[in-house]
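Q: Going letter by letter, the sequence shown gives residues 3 to 375 in my numbering.
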Amino acid sequence: MNYELIATATFGLEAVVRREIEGLGYEIIKTEDGKVTFAGDERAIVRSNLWLRCADRVLLKVAEFEARTFEELFQGTKAVAWERIIPVDGEFTVTCTTVKSQLHNPPAIQSITKKAVVERMKMAYGFDRFKETGAAHTIKATFLKDRVTLTVDTSGEGLHKRGYRIANVDAPMKETLAAALIQLSFWKPGRILLDPCCGSGTIPIEAALMGRNIAPGCNREFDAEKWHFIDKNIWKEERLLARDGEETDSKIYASDIDPKAVAAAKKNAEAAGVDDIIAFARADVKSVRAPEGERGIIVTNPPYGERIGESDEIDGIFKALGRFSRENPDWSLFVITPDKEAEKKIMGRKADRRRKLYNGNIETTYYQFHGIK
């Protein structure tokens, strides 16, 4: 059966997620702020959860209609064939968001939506009460200008939860954003990638997973894995493919001045199964040098300083990155930072390309300095 699926995305990454979905072979229906809608069957639900590196979640769209009153919300929700998705013992919760809509009270919206789902299931199953002891189904009512979209979350935990982060440092970058930074750099397996401010290792680990063609979701579970209408054999088949990584000659280097960060990065790389293709080292970014005779790219997320004295340290990192680029003009440099003056501090000129991105709720710019071809 074909469905409309929605891959949600951090603002600024919609085009990256769209390319990923197209790469999986699915038809794009539309792209909007924060989401990409596409068509697919049950296998698409499985494959997109396992393979999308930059999306936040995969939602199953079940209805869309106008709702200016609670009665319209109730009747529109009750009209959905929920029994096709939620079994008689299924657990179901309701969340909501509302923007510029007449219905703007989240607790009331959640209560009315849940009541309508229960009434529909009463009609379908012939029961008055439901134990909700089975698989989880999170229903979301998203209101925008009096139009409500009803979806069911197929992912469960956000897709950035890969399962390999067993050791952490302060303010780690989300895995989905790290994967997007690499894709936006157009790095290809076989080329050198260097991260001299690696922290807990997210950027090099995501690059290594790409280099080996390992699905980012192969080591975790998803809510839809327990749903009754998706054949368990589909999950088994797709998981086998997700773990069938190909060996590459990728050369990935990662370093950090903090020994605790390097130790955490090594543990995380081991958990991800890619520690053998990442060379970790404790090093100050000022001392980092390009491997002799090699050209590649730097993708890095320097620390964001807010306390007294930290801004000077970060400016020192920027200067070191600029010096590296001038000494290695055939290398490309990609830096994400909230510092609006970073491109001047790094290279003394405007970046070749810039992209506004959000690292959590921090507005940042992804500065891209292209090396000589």
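Note that the Cβ used here is the ideal one computed from N, Cα and C, for glycine as well.
#1: Going by Cα to Cα distance, which pick from F336, E6, I316 and H162 is closest to A57?
#2: Does the count of Cβ pairs from the stretch 185-198 and the stretch 85-99 closer than 8 Å reach three?
#3: State the CB to CB distance for the pair S257 and F231, rounded to an integer number of angstroms; the pair is presumed to be in contact (CB under 8 Å).
#4: Taking the alpha-carbon of T97 as reference, which of V150, F129, Q77 and D130 has the nearest alpha-carbon?
#5: Assuming T153 contacts L62 (C-beta within less than 8 Å), just tell me the rounded distance between them.
#6: Taking the continuous alpha helix (DSSP H) assigned at D252, which residues delimit it?
#7: Do R70 and Q104 have their C-beta atoms within less than 7 Å of each other?
#8: What residues are listed by DSSP as bridge partners for D230?
#9: If we ignore side chains and look at the alpha-carbon of each, how far apart do A118 and E227 end up?
#10: Which residue or residues does DSSP assign as beta-bridge partners of V82?
#11: On the three-state DSSP scale, how would you describe G324?
#12: Output the residue ranges of the beta strand (DSSP E) runs that lie fully inside the stretch 53-137 and measure 3 residues or longer, sorted by chain position.
#13: How would you write the range of the beta strand (DSSP E) that K358 sits in, first residue to last?
#14: State the DSSP-derived secondary structure class of T178, mapped to helix, strand or coil.
#15: Going straight from the alpha carbon of V337 to that of Y369, what length do you get?
#16: Within its chain, find whatever has a CB closer than 6 Å to the CB of W237; leave out the 5 residues flanking it on each side and keep chain order.
#17: Counting only the same chain and skipping the five closest in sequence on each side, list residues whose C-beta sits under 8 Å from that of C220.
#18: Tell me T139's beta-bridge partners as DSSP assigns them.
#19: Give me the Cα-Cα distance between W333 and P293, rounded to the nearest whole angstrom.
#20: So if DSSP puts Q370 in a beta bridge, which residue, or which two residues, is it bridged to?
#21: Is E6 helix, strand or coil by DSSP?
#22: D246 by DSSP, collapsed to three states: which one?
#23: What number of angstroms, rounded off, separates the C-alpha of I310 from the C-alpha of D317?
#24: Going by beta-carbon coordinates alone, are K347 and F371 separated by less than 7 Å?
A: With the given structure in hand:
#1: Here residue 57 corresponds to residue number 55 of the sequence shown, with the count starting at 1. Among F336, E6, I316 and H162, the Cα nearest to that of A57 is on H162.
#2: no
#3: If you number the sequence shown from 1, residue 257 lands on position 255. If you number the sequence shown from 1, residue 231 lands on position 229. The Cβ separation is near 48 Å, so there is no contact.
#4: Here residue 97 corresponds to residue number 95 of the sequence shown, with the count starting at 1. Selected option, being the one with the closest Cα: V150.
#5: Along the sequence shown, one-based indexing puts residue 153 at 151. Along the sequence shown, one-based indexing puts residue 62 at 60. About 6 Å separates the two Cβ atoms, so the contact holds.
#6: Position 250 of the sequence shown, counting from 1, holds the residue named residue 252. For the record, residue 252 in the displayed sequence is Ser; it is not Asp. Taken as a continuous stretch (DSSP letters only), S252 belongs to no alpha helix (DSSP H), as it is neither H nor E.
#7: Counting from 1 along the sequence shown, the entry for residue 70 is found at position 68. Counting from 1 along the sequence shown, the entry for residue 104 is found at position 102. Going by C-beta atoms, R70 is nearer than 7 Å to Q104.
#8: Indexing the sequence shown from 1 puts residue 230 at position 228. Strictly speaking, residue 230 in this sequence is His, with Asp absent from that position. Per DSSP, none; premise fails for H230.
#9: Working through the sequence shown from its first residue, we reach residue 118 at position 116. Working through the sequence shown from its first residue, we reach residue 227 at position 225. Cα to Cα, the separation comes out at about 25 Å.
#10: Here the question's residue 82 lines up with position 80 in the sequence shown. DSSP, once it has assigned bridges, lists no residue as partnering V82.
#11: The residue given as residue 324 occupies position 322 in the sequence shown. The answer is helix: DSSP assigns G324 an H, G or I state.
#12: 59-68 and 93-101
#13: Walking along the sequence shown from the start, residue 358 turns up at place 356. R355 to N361 is the extent of the beta strand (DSSP E) around K358.
#14: Position 176 of the sequence shown holds residue 178. Helix.
#15: Within the sequence shown, numbered from 1, the residue matching residue 337 stands at position 335. Within the sequence shown, numbered from 1, the residue matching residue 369 stands at position 367. The straight-line gap from Cα to Cα measures roughly 5 Å.
#16: Residue 237 sits at position 235 when you count from the first residue of the sequence shown. Answer for W237: V48 and E227, listed in chain order.
#17: Within the sequence shown, the letter at position 218 stands for residue 220. Hits under 8 Å: L52, R241, A244 and R245.
#18: Position 137 of the sequence shown holds residue 139. Note on residue identity: the sequence assigns His, not Thr, to residue 139. Answer by DSSP bridge pairing, in chain order: F94.
#19: In the sequence shown, counting from the first residue as 1, residue 333 sits at position 331. In the sequence shown, counting from the first residue as 1, residue 293 sits at position 291. One C-alpha to the other measures close to 11 Å.
#20: Reading the sequence shown from its first residue, position 368 is the one you call residue 370. Beta-bridge pairing links Q370 to F336 and R355.
#21: Locating residue 6 in the sequence shown gives position 4, counting from the first residue. Note: E6 maps to strand in three-state DSSP.
#22: As a first step, residue 246 must be located in the sequence shown, where it is residue number 244. Of the three classes helix, strand and coil, the one that applies to D246 here is coil, per DSSP.
#23: In the sequence shown, counting from the first residue as 1, residue 310 sits at position 308. In the sequence shown, counting from the first residue as 1, residue 317 sits at position 315. Note that I310 has pLDDT 43, beneath the 50 cutoff, so the model's placement of it is unreliable and no number is given.
#24: Sequence index remark: in the sequence shown, residue 347 carries index 345 (1-based). Sequence index remark: in the sequence shown, residue 371 carries index 369 (1-based). Not a contact, by the Cβ cut-off of 7 Å.
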